[in-house]
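Colleague:
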Amino acid sequence: MRHPLLHLEADARGEMTHYGGLVLAQQLVRRFGVAQRLDQHLHLFKRHAPYYESDHVLALAYTLYADGTCLEDQGALQASEAVRRLVGACRIPDPTTAGDFLRRFKTATDVEQLSAVIDEVQEEAWSKLPRRVRRRRAQHELALVDLDGHIKRLYGEHKEGADFSYDGRWSYQPLVVSLAGSGECLRVVNQPGSARSSDAAAGALRAVLPWVQRHFRNALVRGDTDFDRADLLQEVIDAHAYFAIGGRVYANRAALAQALPERAWQPFIPRAQRGRCSAPARQGRTPNWRKHKAAQRGFRNLRTIEQWIAELSYQPTGVSCPCRMIVRRIRIEEQDGQGKLFESFRYRLILTNLPRSYTPREIVDLAYQRCDQENLIEQFGAGIAGWRMPVAEFMGNWAWLQIARLAWNLGKWIAQLALPAEVVRWEWKRFRRHFVYLAAKVLKKGRRLIVQLTDSHRYLPQILAAHLRLQV
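What follows is the structure, given as structure tokens:
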């Protein structure tokens, strides 16, 4: 590197932007008429001078999609002439008005109208998937609908609707409903911090399951033990869908498990261990230093020795029909620095109404694959700043979550419709580096708007192909 002397010059025309990848998001919004749908369903302004509801929603969505982490970051798009040309706007709403717009969401009905628009676009995007994918989903695949909550700690003392969570944190506790595999966010419901994650789950499933079942053979709802409640299970049964929910180990359930005869138990190896057994041994494997240090310091350590699974029929209170209860018995050894101390048994339960064609081992594997949703929840905050909660009003923050859901799904829809299959699993940092951060020049030539991309970009062929696919 010779580090030559550099001379800087300013280009007054403002035709350059480093957000050239916004062309893919803009094409998807244009193809599915997102702006028109928003203006048709949302009625928050008495007069549209100069902005419509869609202008504010899409400006915030593009800000989050690009890399914004707060309302003020919308100014980066507002100040760029190239971005304004790219989205076809003579002006973009100022960041100071973004908070005012969020505060216009006064009731849950206003937020649900925004959510309904995203649902419409989601169904439209699914209907444009390749025919083989649509046929496979409709004939063979279960939609894996995952449920989980997230405690979002708040530092503002004037946040409306906030409360103390079970561990004493001043917070909101949104419920996230997502689709495994593609990672799409199907629903996000804001709740006070004192609420249980599952409080809004039955209502969310009532809205989500009908349109999910139209595109898949059926739906399988998965959740942890907090979602073991009668109203949720009955909602799934009434929708003729399936569930595989972690069960709470109540005294009566533990007694049923302990009363099973020994011949009912079958040895069980967790899915991760089965994968390690089938893989070739890695040469030069590094030692487990944590385990070594714990033994050296004399710390008590719990070690799983072996596991078994069994099945019995069980009807939860308040549910109209019996279901299958899969019981996992775990033998645990407690050790300290001097060696073995005690042995004990623990039980883990899964409640399900899956047909008998699914073996207990398959049900356990399906239920615990839900843990991948934790990565989605982490990326929803670290990837697109969805957990930011920028205003003081409860409904305004719920509307922010819906706009973040739209920004999140824009990336997932683009990946499914136009990009290589593996892109749908990428984290947002990697996705932006390859498909958003792209030097571009936006030019007007006659009546044509031309976006010139740098020829040196590694994924330029995929971006050009994706642009053509999104235009069809």
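Each step along the sequence shown adds one to the number in my numbering, with nothing skipped, and position 366 is 368. Where a beta carbon is used, it is the ideal one built from N, C-alpha and C, also for glycine. These numbers come from a predicted model, not from an experiment.
(1) Where does residue 346 fall in DSSP's three states?
(2) Could you spell out the range, first to last residue, of the beta strand (DSSP E) harbouring residue 334?
(3) Examine the Cβ distances between the stretch 379 to 395 and the stretch 355 to 369 and report whether three or more of them are shorter than 8 Å.
(4) Report back the beta-carbon spacing between residue 444 and residue 71 to the nearest angstrom; my notes put them in contact at under 8 Å.
(5) Quick check: the stretch 366 to 376 against the stretch 178 to 190, are at least 3 beta-carbon pairs closer than 8 Å?
(6) Do the CB positions of residue 104 and residue 383 come within less than 8 Å of each other?
(7) Below 8 Å, can you find three or more Cβ-Cβ pairs linking the stretch 36 to 45 to the stretch 74 to 94?
(8) Just curious, the alpha helix (DSSP H) that residue 209 is in, first and last residue?
(9) Below 7 Å CB to CB, which residues in the same chain sit around residue 106 once its five sequence neighbours on both sides are set aside?
(10) Pick helix, strand or coil for residue 414, following the three-state DSSP scheme.
(11) Tell me which residues share the same chain as residue 202 and place their Cβ nearer than 7 Å to its Cβ, disregarding the 5 neighbours each side in the sequence.
(12) So, helix, strand or coil for residue 290, using DSSP?
(13) Go to residue 143, then tell me how far its beta strand (DSSP E) extends in each direction, as first and last residue.
(14) Ends of the alpha helix (DSSP H) at residue 318?
(15) Give every residue of the same chain whose Cβ lies closer than 7 Å to the Cβ of residue 142, excluding the five residues on either side of it in the sequence, and list them in chain order.
(16) Quick one: give me the first and last residue of the beta strand (DSSP E) that residue 443 is part of.
(17) With distances taken between CB atoms, is the gap from residue 312 to residue 371 smaller than 8 Å?
(18) Just reading off the alpha helix (DSSP H) that residue 365 is part of, what are its end residues?
(19) Nearest-angstrom Cα distance between residue 211 and residue 92?
(20) Return the first residue and the last residue of the beta strand (DSSP E) that residue 450 is part of.
(21) Could you check which residue in 160, 288 and 152 has the C-alpha nearest to that of residue 179?
(22) Taking C-alpha atoms, which residue in 467, 450 and 441 lies nearest to residue 459?
(23) According to DSSP, is residue 308 helix, strand or coil?
(24) Spatial neighbours of residue 472 within its chain, please: C-beta separation below 7 Å, excluding the five flanking residues on both sides.
(25) Identify the continuous beta strand (DSSP E) that holds residue 269 and give its terminal residues.
(26) Within 10 angstroms of its Cβ, does residue 237 collect 16 or more other Cβ (buried), or is it exposed?
(27) Taking just the CA atoms, how far does residue 334 sit from residue 295?
(28) How many whole angstroms separate the CB atoms of residue 401 and residue 116, which I take to be in contact at a CB cut-off of 8 Å?
(29) In three-state terms, what does DSSP make of residue 397?
(30) Excluding sequence positions up to five away, which residues of its chain have a Cβ less than 8 Å from the Cβ of residue 166?
(31) Which residue's Cα is closest to the Cα of residue 316: 470, 62, 60 and 354?
Modeller: By the coordinates alone:
(1) strand
(2) 325 to 338
(3) no
(4) No, residue 444 and residue 71 are not in contact; Cβ-Cβ is about 25 Å, not under 8 Å.
(5) yes
(6) no
(7) no
(8) 203 to 215
(9) 46
(10) helix
(11) 177, 191 and 193
(12) coil
(13) Element bounds for residue 143: n/a, residue is neither H nor E.
(14) From DSSP, residue 318 is part of no alpha helix (DSSP H); its letter is neither H nor E.
(15) 219
(16) 442 to 447
(17) no
(18) 362 to 370
(19) 41 Å
(20) 450 to 455
(21) 152
(22) 441
(23) strand
(24) 26, 29, 30, 33, 419 and 420
(25) 268 to 270
(26) buried
(27) 20 Å
(28) 6 Å
(29) helix
(30) 172, 173, 195 and 196
(31) 354
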